[in-house]
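Have a look at the structure below before the remarks.
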Amino acid sequence: MSKMKKNLWRHVLQLGVIAVIAGFILKVFVGGGPANVEAYCPFGGLQSLVTYLNSNTLACSMSMVQIMMGVTLAIGVILFSKLFCGYLCPLGTVTEWMAVLRKKMKININISTGSVVDKILRAIKYILLFWIFYMTISSSELFCKNFDPYYAIATGFKGELTAWMASISIVCLFLGNLFINMFWCKYICPLGALSNVFKFTLTFLGLLILSLILGRFGLPMQWYWLLGASCVIGYIFEIVYHKSKVFPLLHITRDDEKCTHCGLCSKKCPHQIDVANLKVVKDIDCTLCGECMGTCNKNALQINRKPAFRWLPAILVVVLFFVGLWMGTHWELPTIDERWGDPAKLEHLESFERDGMRTVKCYGSSKAFAARMKNVPGVYGVTTYVNRFAVVVYYNPDETSKEKVENAMFTPVKRKLNTPPAEMEQLKVITLGVEKLFDKMDVTFLGNIIREKEGFYGIQTEYDCPVKVKLFMDINKPIDKKELSSIIETREFEMQVHGGGIKKVECDYELVNISNQVDTIGRQEFLEMMFPATNSRFQIALKKYGEDAATAVYEMPYPGLDKPLVQRQVPYLGSFLSTQDGVMGFATALNGDTPVIRITYVKDVLDDDKIWEILQTPKWKIHYTNGTTKEIDATLTFKTPGKTVE
Numbered sequence: 001m002s003k004m005k006k007n008l009w010r011h012v013l014q015l016g017v018i019a020v021i022a023g024f025i026l027k028v029f030v031g032g033g034p035a036n037v038e039a040y041c042p043f044g045g046l047q048s049l050v051t052y053l054n055s056n057t058l059a060c061s062m063s064m065v066q067i068m069m070g071v072t073l074a075i076g077v078i079l080f081s082k083l084f085c086g087y088l089c090p091l092g093t094v095t096e097w098m099a100v101l102r103k104k105m106k107i108n109i110n111i112s113t114g115s116v117v118d119k120i121l122r123a124i125k126y127i128l129l130f131w132i133f134y135m136t137i138s139s140s141e142l143f144c145k146n147f148d149p150y151y152a153i154a155t156g157f158k159g160e161l162t163a164w165m166a167s168i169s170i171v172c173l174f175l176g177n178l179f180i181n182m183f184w185c186k187y188i189c190p191l192g193a194l195s196n197v198f199k200f201t202l203t204f205l206g207l208l209i210l211s212l213i214l215g216r217f218g219l220p221m222q223w224y225w226l227l228g229a230s231c232v233i234g235y236i237f238e239i240v241y242h243k244s245k246v247f248p249l250l251h252i253t254r255d256d257e258k259c260t261h262c263g264l265c266s267k268k269c270p271h272q273i274d275v276a277n278l279k280v281v282k283d284i285d286c287t288l289c290g291e292c293m294g295t296c297n298k299n300a301l302q303i304n305r306k307p308a309f310r311w312l313p314a315i316l317v318v319v320l321f322f323v324g325l326w327m328g329t330h331w332e333l334p335t336i337d338e339r340w341g342d343p344a345k346l347e348h349l350e351s352f353e354r355d356g357m358r359t360v361k362c363y364g365s366s367k368a369f370a371a372r373m374k375n376v377p378g379v380y381g382v383t384t385y386v387n388r389f390a391v392v393v394y395y396n397p398d399e400t401s402k403e404k405v406e407n408a409m410f411t412p413v414k415r416k417l418n419t420p421p422a423e424m425e426q427l428k429v430i431t432l433g434v435e436k437l438f439d440k441m442d443v444t445f446l447g448n449i450i451r452e453k454e455g456f457y458g459i460q461t462e463y464d465c466p467v468k469v470k471l472f473m474d475i476n477k478p479i480d481k482k483e484l485s486s487i488i489e490t491r492e493f494e495m496q497v498h499g500g501g502i503k504k505v506e507c508d509y510e511l512v513n514i515s516n517q518v519d520t521i522g523r524q525e526f527l528e529m530m531f532p533a534t535n536s537r538f539q540i541a542l543k544k545y546g547e548d549a550a551t552a553v554y555e556m557p558y559p560g561l562d563k564p565l566v567q568r569q570v571p572y573l574g575s576f577l578s579t580q581d582g583v584m585g586f587a588t589a590l591n592g593d594t595p596v597i598r599i600t601y602v603k604d605v606l607d608d609d610k611i612w613e614i615l616q617t618p619k620w621k622i623h624y625t626n627g628t629t630k631e632i633d634a635t636l637t638f639k640t641p642g643k644t645v646e
């Protein structure tokens with residue numbers, strides 16, 4: 001404990017980060033679902049920033065807070081040192097703890113700094129750095145999530161990762177560090193490689209200036225050449241010089257007059273830097289962690305020869321964190337920012353912003369929204385901000401209007417909330433005007449609120465200002481304006497999420513008006529209107545067997561088929577069935593109150609038993625619209641066999 005007190009604030013910061021991550025993991029195990037473990041990830045922020053500079057797009061789920069954390073990390077490394085590595089990085093902390101365990105287990109595999117093996121292994125992190133940035137910039141998605149051991153552990157392996165990659169990384173983190181001192185930080189960590197590149201600040205700036213000059217002369221340097229050159233030069237400088245030149249500006253300094261040459265500082269250094277024989281520590285591995293100063297009883301070690309700077313690194317870490325947090329909450333970058341069409345028309349566009357677009361939540365959905373808007377006459381661009389679910393649409397006022405564009409953006413929704421009792425022959429239909437209910441995801445949220453209330457059976461939306469909402473309710477239930485207002489204007493509710501767990505959803509819908517007109521609809525008509533029926537005929541089978549082939553229909557009941565989570569899997573089932581010999585078509589429908597799946601098949605090829613056997617297949621072969629084929633785990637399970645009905 002006395003040793004910890006000598007470098008107290010560093011250990012407080014390290015343990016604080018580990019405690020937060022432990023909270024993430026605990027949340028996963030108690031059924032809360034994966035936490036947002038990337039919220040303050042500086043490495044992901046830097047990847048996103050470079051992606052944005054290259055293609056005006058942000059990686060999915062990246063926020064300005066993460067980007068600003070990346071910017072402050074870069075500034076911190078350039079001006080001060082690798083403070084993030086020494087004070088906040090959870091993988092760095094685990095690496096140090098593994099070194100303690102290694103000593104207790106008396107495992108002594110030493111790779112000398114500057115040896116051939118050391119130089120070869122140091123290349124790995126630069127290769128990973130290039131690979132990660134290349135893949136991220138090419139796809140606008142954070143590739144590092146595939147194998148980041150921190151991300152895998154903190155999400156309980158429930159994140160967007162590749163299991164075998166993540167497993168290898170975890171083995172490298174724990175077993176590598178168990179046998180070789182600081183194995184992860186020295187040889188594997190791509191952020192460590194990037195930090196080293198930042199330490200060679202003048203060289204890195206020289207490369208940037210060179211690329212700009214070449215661009216001026218019509219010889220633009222592609223981003224991957226600049227990235228590759230930075231990685232190669234960073235690696236060469238690391239193994240040849242193994243120390244920075246001008247930057248960073250802070251260094252551990254040793255007072256030779258006070259020093260007793262006991263060597264404790266060198267032994268205490270996590271990276272085994274020979275501090276005892278250096279007057280100024282400029283070693284590339286130094287993180288300014290202060291462990292050497294903490295073990296010196298003669299105050300011979302200081303930062304820039306100033307005793308007052310003893311706690312400066314810990315203070316700078318906290319300051320940089322809050323500066324990054326402040327900048328991230330006050331600045332904003334779009335996820336995509338696109339224009340299209342005749343350049344002459346782009347000079348006279350008007351724009352409007354629509355918030356509450358919850359379905360525009362990542363890079364992929366932003367691109368899908370842009371593709372949809374390209375088909376709207378008079379629209380020539382979109383900008384999306386996924387972290388606040390907002391879009392900006394650019395349109396030509398001579399060709400269209402804001403109202404027409406909003407109408408094209410709007411997706412009408414109809415959804416059954418509950419099944420009316422069999423004895424209820426008719427339902428009452430009332431019409432409401434609701435603000436801030438523009439996105440179809442909001443209709444899902446509002447539907448989840450309403451379905452918990454007695455006497456409500458369905459919801460339907462139509463475009464209007466405010467949005468027109470039809471509620472289908474018990475014919476005998478009175479229209480209570482106070483009750484409707486309290487339901488619509490619920491500010492927070494809990495919703496069960498796919499895979500287990502509960503999610504709290506915040507809402508801000510406003511009930512504007514209630515129409516005096518009251519309509520009615522028959523029970524069966526309501527059920528059929530609300531059911532999301534599908535009907536597909538498979539062209540390959542039609543060509544093979546012909547229109548005149550003797551066919552029959554296999555009908556199988558599937559309760560819950562109309563639920564949104566199940567409906568998302570129906571296209572996969574259809575794609576799978578289209579690959580099965582003898583299947584001519586596929587449909588979903590209502591048989592009375594019961595949802596059913598209907599499979600049209602060739603009698604000479606299939607029968608009930610063979611179709612049931614097909615439906616029990618654990619793996620489905622799926623054809624995607626881009627022409628690719630993939631085998632996936634069956635997304636639906638079937639427990640009750642059907643039978644041929646005609």
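Going by the UniProt record's numbering, the first residue of the sequence shown is number 1, and it counts up by one from there. From the three backbone atoms N, C-alpha and C, an ideal C-beta is built for every residue, glycine too.
Backbone CA spacing between residue i and residue j [nearest angstrom]
i       : j       : result
Val-392 : Gln-539 : 41 angstroms
Pro-564 : Asn-591 : 19 angstroms
Asp-274 : Lys-27  : 42 angstroms
Phe-217 : Ile-209 : 13 angstroms
Leu-205 : Phe-130 : 18 angstroms
Tyr-572 : Ile-622 : 7 angstroms
Asn-513 : Gln-524 : 29 angstroms
Asn-448 : Val-405 : 28 angstroms
Thr-617 : Gly-356 : 41 angstroms
Ser-2   : Arg-10  : With a pLDDT of only 46 at Ser-2, under the threshold of 50, the placement of this residue in the model should not be trusted; the figure read from the coordinates follows. Distance between the alpha carbons of Ser-2 and Arg-10 is about 14 angstroms.
Leu-202 : Trp-311 : 28 angstroms
Asn-196 : Gly-560 : 56 angstroms
For residue i, three-class secondary structure by DSSP
i       : result
Met-357 : coil
Trp-331 : coil
Leu-46  : helix
Met-69  : helix
Ser-2   : Unreliable placement is indicated for Ser-2, whose pLDDT of 46 sits below 50; no coordinate value is reported for it.
Pro-90  : helix
Ala-589 : strand
Gly-458 : strand
Tyr-241 : coil
Ala-634 : coil
Residues near residue i by beta carbon distance below 7 angstroms, same chain, minus five either side
i       : result
Ile-124 : Tyr-187 and Ile-188
Ile-127 : none
Gly-192 : Cys-85, Lys-125 and Cys-185
Thr-260 : Lys-298
Ile-180 : Ile-109 and Ile-111
Thr-637 : none
Residue from the options with nearest C-alpha to residue i
i       : options                               : result
Lys-367 : Ile-502, Thr-57 and Glu-353           : Thr-57
Ala-587 : Asp-607, Asn-535 and Gly-234          : Asn-535
Asn-516 : Ala-300, Cys-41, Phe-157 and Lys-428  : Lys-428
Ile-487 : Gly-455, Pro-466, Glu-462 and Val-518 : Gly-455
Trp-359 : Leu-142, Leu-333, Met-409 and Phe-80  : At residue 359 the sequence reads Thr, which differs from the Trp that was named. For the residues Leu-142, Leu-333, Met-409 and Phe-80, the minimum Cα distance to Thr-359 belongs to Met-409.
Phe-389 : Asp-633, Pro-397 and Ile-336          : Ile-336
Lys-158 : Ile-75, Ile-25, Pro-190 and Leu-250   : Ile-25
Cys-172 : Leu-214, Gly-92 and Ser-230           : Gly-92
Gly-23  : Gly-76, Thr-51, Phe-80 and Gly-156    : Gly-156
Pro-421 : Asn-396, Met-473, Cys-465 and Lys-402 : Met-473
Own chain, CB closer than 8 angstroms to residue i, minus 5 neighbours either side, in chain order
i       : result
Lys-306 : none
Ser-112 : Asp-118
beta-carbon residue i near the ligand GTP non-hydrogen atom, thresh 6 angstroms
i       : result
Ser-365 : No copy of the ligand GTP appears in this structure; indeed no ligand is present at all.
is_contact[residue i, chain D] using C-beta, thresh 7 angstroms
i       : result
Asp-474 : Reference to chain D is not applicable here, since this structure consists of a single protein chain.
6 angstroms CB neighbourhood of residue i in its chain, flanking five on each side removed
i           : result
residue 652 : Residue 652 cannot be examined here, being either before or after the span of the chain that is shown, 1 to 646.
Gly-341     : Tyr-380
Phe-80      : Pro-248, Leu-250 and Leu-316
inquiry  = Using a Cβ distance threshold of 8 angstroms, determine whether the region 110-129 contacts the region 43-51, with at least three qualifying pairs required.
reply    = no
query = Between the region 375-391 and the region 425-438, do three or more beta carbon pairs fall short of 8 angstroms?
reply = no
Cβ contact (3+ pairs, closer than 8 angstroms) linking the region 501-513 and the region 418-427 = no
message = Counting beta carbon pairs with one atom in the region 280-293 and one in the region 79-88, are three or more of them shorter than 8 angstroms?
response = yes
Inter-stretch contact at 8 angstroms, needing at least 3 Cβ pairs: the region 98-107 / the region 147-163 = no
query = Within the chosen definition, does the region 64-77 reach the region 318-330 through at least 3 CB pairs nearer than 8 angstroms?
reply = yes
query = Does the pairing of the region 565-585 with the region 595-604 give three or more beta-carbon distances under 8 angstroms?
reply = yes
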